[in-house]
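Shown next, in structure tokens, is the structure this report addresses.
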Amino acid sequence: MVPTPYYVNGPGLVRATQPLITVKDHESYTSDGEVLFTTVSQRRATPFLLLQAWFDETVDSVPEDVAVPTGNREQERRVEQAQMDRSKLTSLEVAFEAIGTPITITGTGAFINTVAEGFPSENVLEPGDVITAVDGVPVSVASDVRPHLETKAVGAHVVLAVRKKGADRSVDVDVELGRSEDDDSHGYLGVELSTADEDVELPFDVELDSGSVIGPSAGLAWTLGVIDRLTPGDLTHGKRVAVTGTIDRDGNVGAIGGIAQKVAGAMDAGATLFLYPSTTKKADVARMKALAGDAIELRAVATVDDALHELDPGGLGAA
């Protein structure tokens, strides 16, 4: 078949997380129910596959420059593998905190992943910079930054010690705080942060086997699967529950792509409940509901706590 400048996205692999989670040197539990992660199958389109996408409501055609933004498929795969690795680490952190098991996180500062347009900080900060102090107070991990900002008004200034990309030492930078569209109670830097050189020390080892699956969208599923393995009782009460959504360090569930394909895969796998991010676009939710009909229950969640409440309203381990 002649290739085209398109890719097609369709329902992909659906797997239960619990059998992929190995707990070492600590008590763990099995359940009758399952937490399933969902995926999207993507492949280069042939004329036949494009025709299929036209008639199959669960399959989408995507231009090559959208499917592979860098133009380098192998580079995209490396990026998505790193996203999966990061997602698994974050899910372990969130799961351990959810069950009240202390963990130790160390780092060398707050790594700037992105800088939002329209904030004063975009003139002085850039992705790859590392914040090592705020107003003279050392910063070791990303979460160290926010408490210093919550007492500052919009328009206030802070002095950041910043280690520029490739530099050995930090330099002081004066930054004006901007306004968030969602919250004007205090000033914001307008940056997305993660912990530089992060090291997480868990009290015991938990391994997550993602196989060939890449990308960040299984974060919530991993989190719930780990919680289920480490707590008595059955988190899903015997149900097959499909899940999608990224997870961040604070337990927030983030939007993902291909949600129509994922709910279709969930139905094919026999799931009776589908948890998805509350930030999913309205058009995607409408499409998902049309596909689901009465075959599967759909519930939007904003945080891991929301997801836990949907699955176990009485609390973890409740009968």
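Under this note's numbering, the first residue of the sequence shown is numbered 28, with each subsequent residue one higher. Where is the CB? At the ideal position from N, CA and C, for every residue including glycine.
Taking the beta strand (DSSP E) that residue i falls in, what are its first and last residues?
i    : result
E120 : Run containing E120: none in the beta strand (DSSP E); it sits in the alpha helix (DSSP H), 100 to 125.
A188 : 184 to 190
E228 : 226 to 228
D201 : 198 to 203
L216 : L216 -> no beta strand (DSSP E), and no H or E assigned at all.
Does the distance from the C-beta atom of residue i to that of residue j stay below 8 Å?
i    : j    : result
S68  : G37  : yes
A169 : T222 : yes
V151 : V202 : yes
L220 : A334 : no
T66  : V240 : yes
V280 : P304 : yes
Can you give the Cα-Cα distance for residue i and residue j, rounded to whole angstroms?
i    : j    : result
T141 : T31  : 33 Å
I283 : G217 : 22 Å
K289 : V200 : 45 Å
A245 : A296 : 16 Å
H175 : P165 : 11 Å
S118 : G272 : 11 Å
G134 : V227 : 9 Å
So is residue i buried or exposed if we call it buried at 16+ other beta carbons inside 10 Å?
i    : result
T159 : buried
L262 : buried
D332 : exposed
S338 : First, the residue type needs correcting, since residue 338 is Leu and not Ser in the sequence shown. Buried, since its Cβ has 16 or more Cβ neighbours within 10 Å.
S212 : exposed
I130 : exposed
T97  : exposed
Leaving aside the five residues before and after residue i along the sequence, list all residues of the same chain whose C-beta is less than 7 Å from its C-beta, in chain order.
i    : result
K266 : G60, T299, L300
E107 : I241, G242
H264 : G60
By Cβ distance, which residues of its chain are closer than 8 Å to residue i, with the 5 residues on each side in sequence left out?
i    : result
L47  : L235, D236, S237, G238, G252
A329 : N279, V280, P304, S305, T306
Kindly list the residues whose CB is nearer than 6 Å to the CB of residue i, restricted to its own chain and excluding five residues on each side of it in sequence; keep chain order.
i    : result
T306 : A282
A137 : I158, V166, A169, V172, L220
D232 : K51
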